[in-house]
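Visitor: I'd like to ask some things about the structure below.
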Amino acid sequence: MDKKRICFVCHGNICRSPMAEYVCKDMVKKANLEGYTIVSRATSNEEIGNDMHPGTKRILNAKDIPYARHQATRLMASDAQAYDYFICMDDANVNNTKRMLNLKDDRVFKLLDITSLKRGIADPWYTGDYETTYVDVVIGCEALLQKLMKNKSNEL
Numbered sequence: 015m016d017k018k019r020i021c022f023v024c025h026g027n028i029c030r031s032p033m034a035e036y037v038c039k040d041m042v043k044k045a046n047l048e049g050y051t052i053v054s055r056a057t058s059n060e061e062i063g064n065d066m067h068p069g070t071k072r073i074l075n076a077k078d079i080p081y082a083r084h085q086a087t088r089l090m091a092s093d094a095q096a097y098d099y100f101i102c103m104d105d106a107n108v109n110n111t112k113r114m115l116n117l118k119d120d121r122v123f124k125l126l127d128i129t130s131l132k133r134g135i136a137d138p139w140y141t142g143d144y145e146t147t148y149v150d151v152v153i154g155c156e157a158l159l160q161k162l163m164k165n166k167s168n169e170l
């Protein structure tokens, strides 16, 4: 079975993970790849039901990345079977995702772990720096796309 079901994860699902979701969807579309399911989720309850942060929308608009109406959604136990990969923004997201979904395998990792940077992506909710977060998300999503395109089985 192809592993094409990707879930990006951050704390509140209003800044980093939806940014990664829409950046990745845009890259997949531009690369004419088909059959991918790309979503985003939160590890906390704080923002559930809320739209993306205005700063996230501003940067996506500035970069001509299309997006749809977004509602922050929390990870659920059923997501463990619904998605092949849980791509997190920082170590806390990785730890919380593994705990919440009772996963101990390599399906959960940080987005920048597949790059030479090997670090977390700063939360612009705290830094206010949506541009730097966007740059990191693009670097990670480009690496992800390259890995998926190179590997026909879509194993990361």
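Per our numbering, the very first residue in the sequence shown carries number 15; after that it's consecutive.
All residues carry an ideal CB built from backbone N, CA and C; glycine is no exception.
If you're wondering where the values come from, they're calculated on a predicted model, not measured in any experiment.
Nearest-angstrom Cα distance between Ala56 and Ala86?
Guide: Looking at the two C-alpha atoms, the distance is approximately 7 angstroms.
Visitor: Can at least three beta-carbon pairs, one atom from the stretch 134–154 and one from the stretch 30–38, be found at a separation below 8 angstroms?
Guide: Touching, yes, given that three or more Cβ pairs across the two stretches are closer than 8 angstroms.
Visitor: Label Met66 either buried or exposed according to how many other C-beta atoms from any shown protein chain fall within 10 Å of its C-beta, with 16 as the threshold for buried.
Guide: Buried, because 16 or more other Cβ atoms sit within 10 Å of the Cβ of Met66.
Visitor: Can you check which of these residues, Asn64, Thr51, Asp104 and Asp40, is closest to Asn75 by C-alpha distance?
Guide: Closest option to Asn75, Cα to Cα, is Asp40.
Visitor: Just to confirm, is the Cβ distance from Ser58 to Phe22 under 8 angstroms?
Guide: The answer is no: Cβ separation not under 8 angstroms.
Visitor: Which one or two residues does DSSP pair with Tyr81 in a beta bridge?
Guide: Tyr81 pairs with nothing; no bridge assigned.
Visitor: Give a yes or no on whether the C-beta atoms belonging to Tyr144 and Gly69 are separated by under 8 angstroms.
Guide: Yes, the pair counts as a contact, with Cβ atoms nearer than the cut-off.
Visitor: Here's the rule I'm using: 16 or more other beta-carbon atoms within 10 Å means buried, otherwise exposed. How should Val42 be labelled?
Guide: The residue in question, Val42, is buried, as its Cβ has 16 or more Cβ neighbours within 10 Å.
Visitor: Between which two residues does the beta strand (DSSP E) containing Tyr99 stretch?
Guide: Element bounds for Tyr99: Tyr99 to Cys102.
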